Amino acid sequence: MAKKLTLSLAAAATVIAGGAAFAAPGGYGAGKDVTRAKVQERSSAMFDRMDANGDGMLDEADHTARLEKRFQKMDADGDGALSQQEFTAAHEKRGGKRGHKMGRHRGMRGMMGGMPRANADGPVTKAAFQAAALARFDAADANSDGTLTAGERKAAHQAMREQRKDRRAARNNTAS
209 MAKKLTLSLA AAATVIAGGA AFAAPGGYGA GKDVTRAKVQ ERSSAMFDRM
259 DANGDGMLDE ADHTARLEKR FQKMDADGDG ALSQQEFTAA HEKRGGKRGH
309 KMGRHRGMRG MMGGMPRANA DGPVTKAAFQ AAALARFDAA DANSDGTLTA
359 GERKAAHQAM REQRKDRRAA RNNTAS
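Using this note's numbering, the first residue of the sequence shown is number 209, and each one after it goes up by one.
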């Protein structure tokens, strides 16, 4: 039971850490224009960081290795469990605030929409990962000029929020 809890906490921390890269749509900073070439470069670098075993595929083994590495960083005393103090310290070190509700963190959840995921369909290749990132870019590039402006990014982000809201409402209506 304790092992499951500690791995769940490590998974939550991984989402927070990964979300920081996407806190602003595309992870490129507020107010900055983003080119398609930059998205391709950044998605390649992100894939390389996520590919823990360097086999050119993202699969469950990579995911497990990343979680274990994150957990080891958080487990300051090396006892194989995270205390509330260790978790809070790790969260604050990453720039979090006390009382921050992880469930409300939009980062990765919002911007990873449409990204291929390693699951029953098999591992994700670098080409598929980059293609998904570029597809999101192309969808947000309203005037198809190869550059996302702050306005286009803001509009794309708002559209994603509306889609999530609609999906939640549909789920709630079918559950009732």
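The C-beta atom is built at its ideal place from N, Cα and C for all residues, glycine as well. Keep in mind that this is a model prediction, so the values were computed, not measured.
Could you please give the first and the last residue of the uninterrupted alpha helix (DSSP H) stretch that includes residue 281? Element bounds for residue 281: 268 to 282.
Using only the alpha-carbon positions, how far apart do residue 294 and residue 352 sit? It is roughly 46 Å from the alpha-carbon of residue 294 to the alpha-carbon of residue 352.
Roughly how far, in whole angstroms, is the beta-carbon of residue 345 from the beta-carbon of residue 247, given that I think they are within contact range, below 8 Å? About 5 Å; that satisfies the 8 Å criterion.
Rounded separation between residue 359 and residue 376 - CA only: So the two alpha carbons sit approximately 26 Å from each other.
Touching by the beta-carbon criterion (3+ pairs, under 8 Å), the segment 271 to 286 and the segment 246 to 262: Yes: at least three Cβ pairs fall under 8 Å.
Closer than 7 Å by C-beta to residue 243: which residues in its own chain qualify, once you throw out the five before and the five after it? Chain order, please. The answer, listed in chain order, is 354 and 355.
Looking at the secondary structure, which residues open and close the alpha helix (DSSP H) in which residue 357 lies? Counted as a single uninterrupted DSSP element, the stretch harbouring residue 357 is not any alpha helix (DSSP H), since DSSP gives it neither H nor E.
Beta-carbon spacing of residue 361, residue 347 below 8 Å: With contacts defined as CB atoms closer than 8 Å, residue 361 and residue 347 fail to qualify as a contacting pair.
Is it true that the CB of residue 363 sits closer than 8 Å to the CB of residue 350? Closer than 8 Å, so yes.
Straight-line Cα distance separating residue 288 from residue 239: Those two C-alpha atoms are separated by around 42 Å.
Would you call residue 298 buried or exposed, if buried means 16 or more other Cβ atoms sit within 10 Å of its Cβ? So residue 298 ends up on the buried side.
Where residue 278 falls, given that 16 or more other Cβ within 10 Å makes a residue buried: Around the C-beta of residue 278, 16 or more other C-beta atoms lie within 10 Å, and the residue is accordingly described as buried.
Among 300, 266, 343 and 265, whose alpha-carbon lies nearest the alpha-carbon of residue 282? Distance check between residue 282 and each of 300, 266, 343 and 265 places 300 closest, using alpha-carbon atoms only.
What residue does the alpha helix (DSSP H) around residue 240 start on, and which one ends it? Counting along the chain, residue 240 falls outside any alpha helix (DSSP H), and DSSP gives it neither H nor E.
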